[in-house]
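These notes concern the structure reproduced below.
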Amino acid sequence: MWHVARLLMGISLLYAQQPRLVVGIVVDQMRADYLRRFIPKRSQGFGKLISEGLVYWNGHYTYFPTYTGPGHASVYTGTTPAHHGIVANDWWERESGRFWYCTEDTAVRPVGAEGAHLRRSPRPLWASTICDELRYSSRFRSKTIGIALKDRSAILPIGRSGSLALWFDAQSGQWVTSTYYRDTLPAWVERFNARKYPDSLLRLPWKRVHAALLCEDESPYEATFKGVTATTFPHQPSSYKELLYTPAGNWLTLQLAKEAIAAERLGRGPTPDFLAISLSSPDLAGHFFGTESCELEELYRELDRSLADFLNYLSRRFRREEVLLFLTADHGASPTPEALAERGWNAGRYPEARLLEQAQHFLRGLLGLVDPTKPIAAFVNQNFYFSPHLSLAQRQQAAAALKNWLLDQPHIIAAYTREELSGPGGTAYAFQMLQAGFLPLRSGDVVVVYAPGWIEGGYAYGTTHGSIWTYDTHVPIVWWGGGIRARWLFERVPITAIAPTLAFLLSAPLPSATTTAPLTEVIQNWRLPLPPPDLHEAGGNN
Numbered sequence: 013m014w015h016v017a018r019l020l021m022g023i024s025l026l027y028a029q030q031p032r033l034v035v036g037i038v039v040d041q042m043r044a045d046y047l048r049r050f051i052p053k054r055s056q057g058f059g060k061l062i063s064e065g066l067v068y069w070n071g072h073y074t075y076f077p078t079y080t081g082p083g084h085a086s087v088y089t090g091t092t093p094a095h096h097g098i099v100a101n102d103w104w105e106r107e108s109g110r111f112w113y114c115t116e117d118t119a120v121r122p123v124g125a126e127g128a129h130l131r132r133s134p135r136p137l138w139a140s141t142i143c144d145e146l147r148y149s150s151r152f153r154s155k156t157i158g159i160a161l162k163d164r165s166a167i168l169p170i171g172r173s174g175s176l177a178l179w180f181d182a183q184s185g186q187w188v189t190s191t192y193y194r195d196t197l198p199a200w201v202e203r204f205n206a207r208k209y210p211d212s213l214l215r216l217p218w219k220r221v222h223a224a225l226l227c228e229d230e231s232p233y234e235a236t237f238k239g240v241t242a243t244t245f246p247h248q249p250s251s252y253k254e255l256l257y258t259p260a261g262n263w264l265t266l267q268l269a270k271e272a273i274a275a276e277r278l279g280r281g282p283t284p285d286f287l288a289i290s291l292s293s294p295d296l297a298g299h300f301f302g303t304e305s306c307e308l309e310e311l312y313r314e315l316d317r318s319l320a321d322f323l324n325y326l327s328r329r330f331r332r333e334e335v336l337l338f339l340t341a342d343h344g345a346s347p348t349p350e351a352l353a354e355r356g357w358n359a360g361r362y363p364e365a366r367l368l369e370q371a372q373h374f375l376r377g378l379l380g381l382v383d384p385t386k387p388i389a390a391f392v393n394q395n396f397y398f399s400p401h402l403s404l405a406q407r408q409q410a411a412a413a414l415k416n417w418l419l420d421q422p423h424i425i426a427a428y429t430r431e432e433l434s435g436p437g438g439t440a441y442a443f444q445m446l447q448a449g450f451l452p453l454r455s456g457d458v459v460v461v462y463a464p465g466w467i468e469g470g471y472a473y474g475t476t477h478g479s480i481w482t483y484d485t486h487v488p489i490v491w492w493g494g495g496i497r498a499r500w501l502f503e504r505v506p507i508t509a510i511a512p513t514l515a516f517l518l519s520a521p522l523p524s525a526t527t528t529a530p531l532t533e534v535i536q537n538w539r540l541p542l543p544p545p546d547l548h549e550a551g552g553n554n
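Heads up: the sequence shown is residues 13 to 554, going by this note's numbering.
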């Protein structure tokens, strides 16, 4: 009878109660090891989630480049940039001859503040997200709201049919949206803006309140706020932009999230609702201060407090079986290369400006071009884009020659041409990662891979991310709520498994380009309050 029992269990899964509210939390630039290194044992924030939840400690991004835009799009679509279209935070657009931002939309207007930098929408995203599919399956009764300091982190998760995306404008100090969603801000957002929290927080210095676990406060590899030379605490932000590098950015985001739950009555409607939260300040601080800094450690300890407050809010407002929460990151981060190099590691900031200059010179000679003709129109995200003035034959010749030339340069381990990445698959790790993130329309003509430890050279301090290496791809995936039981798992799983898992839990269609199987352990752990239907009444004997 074991097979009958398994059949009944499977049917029970299909008829399981859906969560009333799904909360997705993406921490920007959170390596998996941070949860063990920075979080105290009696934590009621991250600690509560990892002690009570189902934790996949070995989640990975399976494409290049590991940036914020592609990361959020991949989590929520269940596929990689080659299919959802967000190949980077920005890319070179050949037709217009300029850089194009991943949520740029000149057809919309900002709402809540002024400025061309606020003309944003999800139109560059090609594939549907799990939020799109929840809206579709509920006949657009479900509400899906995205909240983040960064516009791309609020917009991309909820897809093209999202109810509302809200992001923070560091010029005005206001939370804003665009006419893609509505013509005026909701009254509750206007009330939140009217409280002027950012202005109050700017009066407070960022002081160190936690004893250090691993760091030393003095570091020559950190940036400093405007008008300050010391790299040590306390820090006094002088602008809204600098404020976001401190714990205040996380606090503001989670406060607005609580306002959204209450004002929009999320989780109280006839169908499940979805709140997509992204916490951007860890990324801003990581770029600014570096991964070894006391500032980053202090920020995570304070984020733990803010997260504990948010979890307490959910617990007061909902029964646990009504809420499904997942937490992950959009990418990791490289160790600060100078901190590695001084201890003898092979690490550094790649001299990209010099590499581009040398590549231009090499291709001019190869193609017989005269100065100041530039055969390369742009070099960004380790992608070389050729000038549109080159003929097809010249582009093909230049691609093959540039690839071979790059492989002779120091600290470069791989390079691939557009033709190679658009063709059949390969078995090399670097090739597979690049191909999964390659879209001919938006990606370059030649893509280069730096050796482990070498990062893009655009930052003179702190760190960055974007590579194919483990420090950038390795993130945790935590599930909490319902009947999910505490368990730690260590098998390698792709981050793109999150969206299909949510689809089955929400009885929604799989997102349109999903390429990954769901995490069955999560589905089987979700609360199963309903008995299986009577097979006899359902025609089970036929």
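By construction, the Cβ of each residue, glycine as well, lies at the ideal position given by its N, Cα and C atoms. As the structure is a prediction and not an experimental result, all values here were calculated from the model.
- Between G71 and I489, the C-beta gap is smaller than 8 Å, which places the two residues in contact.
- Distances from the alpha-carbon of H299 to those of Q29, G36 and D40 put D40 closest.
- Secondary structure of Q536 (DSSP, three-state): helix.
- Ranking Y325, F50 and V123 by CA distance to the CA of A224 puts F50 first.
- Looking at the backbone, the Cα of T513 and that of P530 are separated by about 4 Å.
- In this structure, DSSP gives P294 a helical state, which the three-state scheme calls helix.
- Excluding the 5 residues flanking it on each side, L130 has same chain C-beta neighbours closer than 7 Å at P122, D181, V188 and S190, in chain order.
- For R110, the three-state secondary structure derived from DSSP is strand.
- The alpha helix (DSSP H) runs lying completely inside the region 457-513 and spanning 4 residues or more are 482-485, given in chain order.
- In the structure shown, Q186 adopts extended strand secondary structure according to DSSP, grouped into three states.
- Here DSSP, grouped into helix, strand and coil, assigns H72 to strand.
- Residue burial annotation: L216 is exposed, with fewer than 16 other C-beta atoms found within 10 angstroms of its C-beta.
- By the CB criterion at 8 Å, L315 and I37 fall outside the cutoff.
- Contact between the region 522-537 and the region 498-511 is present, with at least three C-beta pairs closer than 8 Å.
- According to the DSSP secondary-structure assignment, P122 is paired through a beta bridge with S190.
- With respect to the 8 Å criterion, R280 and F245 are not classified as neighbours on the basis of their beta carbons.
- For the options C227, L213 and Y68, the alpha carbon positioned closest to that of S250 is the one of L213.
- When only Cα atoms are considered, D102 and S455 end up about 10 Å apart.
- Cβ-Cβ separation between A448 and T74: approximately 6 Å, consistent with a contact (criterion under 8 Å).
- Annotated as proximal: G469 and E364, with beta-carbon spacing under 8 Å.
- Each of F450, A139 and G495 was checked against the Cα of F76, and the nearest Cα belongs to F450.
- Rounded to whole angstroms, V35 and G239 show a C-alpha spacing of 39 Å.
- A residue is called buried when at least 16 other Cβ atoms come within 10 angstroms of its Cβ; Y483 meets this threshold and is buried.
- With fewer than 16 other beta carbons inside 10 angstroms of its own, V382 counts as exposed.
- Your pair I98 and L137 checks out as a contact, with CB atoms roughly 6 Å apart and the cut at 8 Å.
- Residue environment for F502: exposed (fewer than 16 other C-beta atoms within 10 angstroms of its C-beta).
- The beta-carbon separation of R164 and T115, rounded to 5 Å, stays under the 8 Å limit for a contact.
- Residue range D102 to E105 is occupied by the beta strand (DSSP E) that includes D102.
- Beta-bridge annotation (DSSP): Y397 is paired with A390.
- By the neighbour-count criterion, in which a residue is buried when 16 or more other Cβ atoms sit within 10 angstroms of its Cβ, F152 is exposed.
- Secondary structure within the region 298-345: the beta strand (DSSP E) runs of 3 or more consecutive residues, fully enclosed, are 335-341 (chain order).
- Under the 10 Å beta carbon count, E354 is surrounded by fewer than 16 other beta carbons and is classified as exposed.
- Of R32, H486 and W179, the smallest CA-CA separation from S346 is found for H486.
- At a Cβ-Cβ threshold of 8 Å, D342 and T80 count as neighbours.
- Looking from the CA of W466, the closest CA among L402, N358 and D457 belongs to N358.
- Closest in C-alpha terms to Y362, from the list H84, Q267, A44 and T475, comes T475.
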